[in-house]
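Engineer:
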Amino acid sequence: MDRNAPVGVFDSGVGGLTVAREIIRQMPGERIVYFGDTARLPYGSKSQDTVLRYSRQIIRFLITKEVKAIVIACNTASAYALETVEKELDIPIIGVIRAGARTAVRATRNGKIGVIGTEGTISSGIYTDVMKAMRPDIEVTGKACPLFVPLVEEGLLHDSVTDEIASRYLSVLKGRFIDTLVLGCTHYPLIRSTLKRLMGDQVTLVNPAYETAIELKELLEERGMAGDEDFGGGEKYQFYVSDLAEKFTAFATSILPEQVKETRRIAVEEY
Ligand code: DGL
Numbered sequence: 001m002d003r004n005a006p007v008g009v010f011d012s013g014v015g016g017l018t019v020a021r022e023i024i025r026q027m028p029g030e031r032i033v034y035f036g037d038t039a040r041l042p043y044g045s046k047s048q049d050t051v052l053r054y055s056r057q058i059i060r061f062l063i064t065k066e067v068k069a070i071v072i073a074c075n076t077a078s079a080y081a082l083e084t085v086e087k088e089l090d091i092p093i094i095g096v097i098r099a100g101a102r103t104a105v106r107a108t109r110n111g112k113i114g115v116i117g118t119e120g121t122i123s124s125g126i127y128t129d130v131m132k133a134m135r136p137d138i139e140v141t142g143k144a145c146p147l148f149v150p151l152v153e154e155g156l157l158h159d160s161v162t163d164e165i166a167s168r169y170l171s172v173l174k175g176r177f178i179d180t181l182v183l184g185c186t187h188y189p190l191i192r193s194t195l196k197r198l199m200g201d202q203v204t205l206v207n208p209a210y211e212t213a214i215e216l217k218e219l220l221e222e223r224g225m226a227g228d229e230d231f232g233g234g235e236k237y238q239f240y241v242s243d244l245a246e247k248f249t250a251f252a253t254s255i256l257p258e259q260v261k262e263t264r265r266i267a268v269e270e271y
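Quick note: my numbering has the sequence shown finishing at residue 271, numbered continuously throughout.
#1: Report yes if the C-beta of TYR43 is less than 7 Å from at least one heavy atom of the ligand DGL; otherwise report no.
#2: Could you check how far apart the C-beta atoms of VAL161 and ILE178 are, in whole angstroms? I think they sit under 8 Å.
#3: Identify which residue in ILE191, LEU198, TYR188, THR186 has its Cα closest to the Cα of THR172.
#4: In chain order, what residues of the same chain have a beta carbon less than 6 Å from the beta carbon of GLN145, not counting five sequence neighbours either side?
#5: For the region 69 to 100, which segments carrying the beta strand (DSSP E) assignment without a break, of at least 3 residues, lie completely within its bounds, in sequence order?
#6: For ARG265, name the three-state secondary structure that DSSP assigns.
#7: Does any heavy atom of the ligand DGL sit closer than 7 Å to the C-beta of THR128?
#8: Helix, strand or coil: how does DSSP classify LEU256 here?
#9: May I ask whether a heavy atom of the ligand DGL can be found less than 7 Å away from the beta carbon of THR50?
#10: Have a look at VAL140, ASP243, TYR210 and flag the residue whose alpha-carbon is nearest the alpha-carbon of PRO42.
#11: Once the 5 residues before and after LYS65 are set aside, which same chain residues still bring their CB inside 8 Å of it?
#12: Which residue from ALA79, ILE93, SER45 puts its Cα closest to that of GLU215?
#13: For ARG73 versus VAL51, is the C-beta spacing smaller than 8 Å?
#14: Closer than 7 Å to a non-hydrogen atom of the ligand DGL - does that hold for the CB of THR162?
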């Protein structure tokens, strides 16, 4: 395997760019092929079968780009597809859930953790299962926040509407006296300041995107697969979507440390 081959990163849309951003910051030597399934977003309200089928198509596409490892930068797809697809692949693949769960278990002082995510992620119960396997006495409260994704997609990151909806969603978690909150959806780090203000300073917010980049770094280093900073030409970051490439390019440029010059649209259902 070529250690300078790219890492494949995928999400249902733009949200996984929060994971790509961390990979770019923490691993400047890595090339990335990013795919955002903008035509079929949201995954959060779809069935497991559908999300698994979509994930397999995207993985087949990424393999054509000769990626050396894959990151499922989507909580819902990590919850529904990772366990199955990791058995089908001969390159490493990681999701965002284990890294986020591990950090939350380490961070909590009172053993009460909240998890917010899409309906799919919360109803799968995966964060609870993973955290309880790490520490059985932990108390986990999950809360689905389906309106956060469209609010972020609309760019309402600092807006009274977002404040109002967030305070309704978070009230149940405040009532459980959690001291740690997992942002279990790719979009939520983009409204981190609102969530922090509403939860208060005593609650630690865990961003699985950050921890996932650390997990990827460790995995590539352990296997002698980490890329060189001086990677020898070619396009360092490539972006693909299934719909509306211009909109994606503008969003990506606004949150990534690099200007995104081009996004290509592909027919992912053909893979
Ligand atoms: N990327 C999804 C997640 O992290 C959120 C958006 C969607 O529902 O597709 O769960």
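Just so you know, even glycine gets a beta-carbon here, dropped at the ideal spot from N, CA and C. Just so we're clear, the structure is a prediction, and the values are computed from it rather than from any experiment.
Structural biologist: In terms of the structure at hand:
#1: Checking the Cβ of TYR43 against the ligand DGL gives yes.
#2: At roughly 24 Å, the Cβ-Cβ gap does not stay under 8 Å, so VAL161 and ILE178 are not in contact.
#3: The identity of residue 172 in the sequence shown is Val, whereas the question assumes Thr. Minimum Cα distance to VAL172 is reached at LEU198.
#4: The sequence shown places Cys at residue 145, rather than the Gln named in the question. Once the five neighbours on either side are set aside, the close Cβ partners of CYS145 are ILE116, TYR169.
#5: Every unbroken stretch of the beta strand (DSSP E) spanning 3 or more residues and falling wholly within the region 69 to 100 is given here in chain order: 69 to 72.
#6: In this structure, ARG265 counts as strand in the three-state DSSP scheme.
#7: THR128 has its Cβ no nearer than 7 Å to any heavy atom of the ligand DGL.
#8: If DSSP states are grouped into helix, strand and coil, LEU256 belongs with coil.
#9: Within 7 Å of the C-beta of THR50 there is not a single heavy atom belonging to the ligand DGL.
#10: Per the Cα distances, ASP243.
#11: The beta carbon of LYS65 sits closer than 8 Å to those of PRO6, GLY8, VAL33, GLN238, all from its chain and outside the five residues before and after it, given in chain order.
#12: Comparing Cα positions, the closest option is ILE93.
#13: Reading the sequence as shown, one finds Ala at residue 73 and not Arg. No, Cβ-Cβ distance for ALA73 and VAL51 is not below 8 Å.
#14: It does not: the Cβ of THR162 is nowhere closer than 7 Å to a heavy atom of the ligand DGL.
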